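Asker:
In UniProt numbering, the protein residues as written are 1 to 310.
#1: Reducing DSSP to helix, strand and coil, say where residue 160 ends up.
#2: Using beta-carbon positions only, say whether residue 59 and residue 172 come within less than 8 Å of one another.
#3: Count the other CB atoms, across all protein chains shown, that sit within 10 Å of the CB of residue 93; report buried if there are 16 or more and exposed otherwise.
#4: Nearest CA to the CA of residue 295: which residue from 218, 132, 229 and 119?
#5: Express the C-alpha separation of residue 96 and residue 57 in angstroms, rounding to a whole number.
#6: With distance defined between alpha-carbon atoms, name the residue in 304, 290, 206 and 131 nearest to residue 104.
#7: In this structure, does DSSP put residue 270 in helix, strand or coil?
#8: In whole angstroms, what is the alpha-carbon distance linking residue 237 and residue 112?
#9: In whole angstroms, what separates the C-alpha of residue 134 from that of residue 28?
#10: For residue 89, which three-state DSSP category applies?
#11: Could you check where the beta strand (DSSP E) with residue 64 kicks off and where it finishes?
#12: Give me whichever residues DSSP pairs with residue 257 in a beta bridge.
#13: Tell me the DSSP bridge mates of residue 297?
#14: With 16 other CB atoms within 10 Å as the buried threshold, where does residue 125 fall?
#15: I think residue 303 touches residue 283, with their Cβ atoms under 8 Å apart; what is that distance to the nearest whole Å?
#16: What distance in whole Å lies between the Cβ atoms of residue 90 and residue 261, which are believed to be in contact at a cut-off of 8 Å?
#17: Counting pairs of Cβ atoms below 8 Å between the region 233-247 and the region 80-90, do you hit three or more?
#18: CB-CB under 8 Å to residue 278, same chain, minus the five flanking residues each way: which ones, in chain order?
#19: How would you write the range of the alpha helix (DSSP H) that residue 133 sits in, first residue to last?
#20: What distance in whole Å lies between the Cβ atoms of residue 275 and residue 305, which are believed to be in contact at a cut-off of 8 Å?
#21: Just the Cα atoms here: how many angstroms apart are residue 34 and residue 26?
#22: Apply the 10 Å Cβ neighbour rule to residue 251 and answer buried if 16 or more other Cβ atoms are within range, or exposed otherwise.
#23: What residues match up with residue 114 in a beta bridge as DSSP calls it?
#24: Return the residue from the list 265, 122 and 36 that minimises the CA-CA distance to residue 193.
#25: Per DSSP, what are the beta-bridge partners of residue 302 in this structure?
#26: Let's see if you can read the secondary structure: which residues bound the alpha helix (DSSP H) around residue 292?
#27: According to DSSP, is residue 252 part of a helix, a strand, or is it coil?
#28: From which residue to which residue does the alpha helix (DSSP H) around residue 218 run?
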């Protein structure tokens, strides 16, 4: 019940924000038209429309998942989830990106097959649907340019939220390019009956989708696998070398560093010190070196060696 109240409170705050309301209106429009485009693409046999619908659906689900996950990520830690729910955002991004890459790969393969043997497609209202898709994406560009990125910032924190909003803005721009491609292929089919233009358009959109989504899939997978962030990995050896120069430190063991989510890097290290070393000062120095390498949340365990062990 407590989690439900928290979710309801954050959701109300989101809906009351006029900037994020613009994004909500765009989402409703985008999802509605996505199904229209997908159904019409299936009815006419147009792979270009189908590919564009898949890309638009990804943008909508990615934004919904990001917004919902940003609410869940702010829930307080519990006895069962001692680090909180921050990784929900990472998991949502990974699942969404994986599904889209697989769907786009399937459409890309079908496009290659269709290019080798082009099939006639229905042309009734084909251009109209393609133009409406472009209009929807232009609306999305204005929604994100004037409200989406800022609204996202309130959910994620200023820097990270702006990054999410900017990423979604770029996805909408990619969608717009896809819609332009669908319009061009529709004109080629209508005017010259070049039916190969439709699978070629689908090939372009599918490839564009995979290229645009791959960084998200890769980064979220690395975070879930608890890989050391590249920048931290480059700076960590120098920081650990500094640890060995702290007065009283004999050695360090078991340095563990990983990304908790897209913003927070966590680490632990065991440090063995000589008998009589000031423990609190050593902990502060070791922690400061590792924070300088990019590890925000560091736990330093000090093991004091017995006099006979030195």
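Just so it is clear, CB atoms sit at the ideal spot from N, CA and C, and this is done for glycine as well.
No experiment lies behind these values; they were computed from the predicted model shown.
Answerer: The relevant details are as follows:
#1: Note that residue 160 scores a pLDDT of 43, beneath 50, so its modelled location is shaky; the value from the coordinates is reported in the next line. Residue 160: helix per DSSP, three-state reduction.
#2: Less than 8 Å separates the beta-carbon of residue 59 from that of residue 172.
#3: Buried, because 16 or more other Cβ atoms sit within 10 Å of the Cβ of residue 93.
#4: Minimum Cα distance to residue 295 is reached at 229.
#5: Their backbone Cα atoms lie some 10 Å apart in a straight line.
#6: For residue 104, the closest alpha carbon among the candidates 304, 290, 206 and 131 is that of 206.
#7: In the structure shown, residue 270 sits in a strand (DSSP, three-state: E or B).
#8: Rounded to whole angstroms, the gap between the alpha carbons of residue 237 and residue 112 is 48 Å.
#9: For residue 134 and residue 28, the distance between alpha carbons rounds to 16 Å.
#10: Reduced to three states, the DSSP call for residue 89 is helix.
#11: Here residue 64 belongs to no beta strand (DSSP E); instead the alpha helix (DSSP H) covers 47-72.
#12: Note: residue 257 sits in a beta bridge opposite 267.
#13: DSSP lists 266 as the beta-bridge partner residues of residue 297.
#14: Counting C-beta atoms within 10 angstroms of its own C-beta, residue 125 has fewer than 16 neighbours from the protein chains shown and is therefore classed as exposed.
#15: Their Cβ separation, rounded to whole angstroms, is 12 Å, which puts residue 303 and residue 283 out of contact at 8 Å.
#16: That belief holds up - the Cβ atoms of residue 261 and residue 90 are roughly 6 Å apart, short of 8 Å.
#17: Flag = no, the region 233-247 and the region 80-90 do not touch.
#18: So the qualifying residues of the chain are 248.
#19: 126-143 is the extent of the alpha helix (DSSP H) around residue 133.
#20: With a beta-carbon spacing of about 6 Å, residue 305 and residue 275 fall inside the 8 Å limit used to define contacts.
#21: Spanning the two alpha carbons is a distance of roughly 12 Å.
#22: Residue 251 should be labelled exposed.
#23: Looking at the DSSP output, residue 114 bridges to nothing.
#24: Of the candidates 265, 122 and 36, 122 places its Cα closest to the Cα of residue 193.
#25: For residue 302, which the question treats as bridged, DSSP gives the partners 271.
#26: Per DSSP, the unbroken alpha helix (DSSP H) holding residue 292 starts and ends at 279-292.
#27: DSSP places residue 252 within a strand segment (E or B) once states are collapsed to three.
#28: Unbroken alpha helix (DSSP H) run through residue 218: 197-224.
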